[in-house]
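Everything on this sheet refers to the single structure shown next.
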Amino acid sequence: MELDPQEMTPVINRIKRAQGQLAGVLRMLEEGRECEDVVTQLAAVSRALDRAGFAIVATGLQQCLTEGGGGVNDMDVKKMEKLFLSLA
Numbered sequence: 001m002e003l004d005p006q007e008m009t010p011v012i013n014r015i016k017r018a019q020g021q022l023a024g025v026l027r028m029l030e031e032g033r034e035c036e037d038v039v040t041q042l043a044a045v046s047r048a049l050d051r052a053g054f055a056i057v058a059t060g061l062q063q064c065l066t067e068g069g070g071g072v073n074d075m076d077v078k079k080m081e082k083l084f085l086s087l088a
């Protein structure tokens, strides 16, 4: 299943923010910052990526339901469920 790029704009923005946060974590490590500060920022990056993943799966499931014309493709739903569980 292909995702609609327009529907992915918020996800793309979230991942770009996470990318910036990750660059900040690297900078913190290179500067020898406090462990607690580094781990806090790393946890924020992780949560942002998790949320992006869940948003992608949710959009995919929604597309399965709306594009299926009433007859949802069981294989696509199972794939999306598997992807969802891989994020848990």
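Residue numbers (full-length UniProt numbering): 1 to 88. C-beta atoms are modelled at their ideal positions from N, C-alpha and C, and glycine is treated no differently.
Item, Value
"Specify, as a first and last residue, the run of the alpha helix (DSSP H) that G32 falls within.", "Taken as a continuous stretch (DSSP letters only), G32 belongs to no alpha helix (DSSP H), as it is neither H nor E."
"Which of the three DSSP states is assigned to M80 in this structure?", "helix"
"If you run the structure through DSSP and keep just helix, strand and coil, what is L3?", "coil"
"When you compare each of L83, R17, A88, E31 to G60 by their alpha carbons, which one comes out closest?", "L83"
"Note down the Cα distance separating T9 from A44, rounded to an integer number of angstroms.", "20 Å"
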